[in-house]
Structures are given as C-alpha cells and as structure tokens.
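Under the numbering used here, the first residue of the sequence shown carries the number 367, and numbering increases by one thereafter. Just so you know, even glycine gets a beta-carbon here, dropped at the ideal spot from N, CA and C. Bear in mind the structure is a predicted one, so any value in this text is a computation, not a measurement.
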Amino acid sequence: MPMSEARLDEFLTEGTKLAVVSTVDRRGHPRSAPVWYEWRDGSALIFTGRSSLKWRNLQRVPHASVCIDERETPYAGVVIDGPVEEVSDGDDPIYEVALRMATRYYGEEEGRAFAEPYRDGSPGTVVFRVRPEHIVSWDYAADV
C-alpha cells in the first residue's frame, strides 16, 4: 500500500536507514551506491566527493534514483526519481549538512568528530539535492 504524505515524511526522517543512489555511467549502465541521506524540504540531500564516480556520472546525466527501504518485515520503502542539482555552500554549508547527517547516523559525540574536518568548507566535497519528479512508496505494515 502506498504511503500517505505524512507517513512518507516520517519514514524518510526516522532512524538511520541508508539510501542507495543510482546514476548512469558513461556506458549508459546503472551504477548504485549506498549513501547517507537527509530528507529536507521535500528533497533528498546527499554529499559525496567531487571525484567520486557518482558525482562524475551526475555531471553527465543530472538525474538520479534514490531507494530508501526497510529490510525487515513489515517491509516499507520509497524510491525517488528526479533531477539533481548542486547545493551551494551559501545555501546549506557542507559542515552543517555533514553535522546533521553524522549526528543522525553516529550520535552526537561521534557525529561532531566526523563533521569537524568539514568546518572550514571542503572543496573536494559536494552536496547535491535530488528533487522528486516521481515517488513510489510501499508500506506493508499498513496492510496488517
């Protein structure tokens, strides 16, 4: 059963689920990678290295698919497809993004330590946003 908008927001902001982001490589093949994400203002935020394969792929084809799912029963998940845009450091500094994600995934103390190297910016890192054009969701707990 598809999720309501309220359930979708709750699902995407609770816990420490990983996302799998899929891009198109230079040969036209799909490439997928597990990543941290943040659901913010109706979009998925992700950060990665500027030299990473996923970012290089997104420079050629600025469109991604992001899958976030619950791998235990009752199964639930969301697939977001949409265009990708770089988030400027002035709009949401890399340190702030890294700190929010790291404290979510690691907890307060470890998260702050993880984010510290990003405090003065990080030219080798990019934050990008996947703006949903299409969302598919399922929540089998709703069927029980």
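Based on the DSSP secondary-structure assignment, which residues constitute the bridge partners of residue i?
i: F413; result: V493
i: A468; result: According to DSSP, which records beta bridges pairwise, A468 is partnered with nothing at all.
i: T389; result: R397
i: G443; result: D435 and W504
Among the options, which residue has its Cα nearest to the Cα of residue i?
i: D407; options: K383, S418, L378 and S431; result: L378
i: F494; options: D455, Y461, W402 and L411; result: L411
i: Y403; options: E499, I446 and R373; result: I446
i: L424; options: T469, H500, R437 and P449; result: P449
Quick check on residue i: does DSSP put it in helix, strand or coil?
i: D505; result: strand
i: G477; result: helix
i: W421; result: helix
i: D375; result: helix
i: R397; result: strand
i: E452; result: strand
i: R485; result: coil
i: E404; result: strand
Roughly how many whole angstroms lie between the Cα atoms of residue i and residue j?
i: W405; j: R393; result: 30 Å
i: Y441; j: P428; result: 30 Å
i: S417; j: S388; result: 16 Å
i: P396; j: V463; result: 27 Å
i: P511; j: R466; result: Summary: the structure shown does not reach residue 511, with the chain confined to residues 367 through 510, and so no result is reported for it.
According to the neighbour-count rule (16 or more other Cβ atoms, all chains shown, within 10 Å of its Cβ), is residue i buried or exposed?
i: V502; result: exposed
i: A430; result: buried
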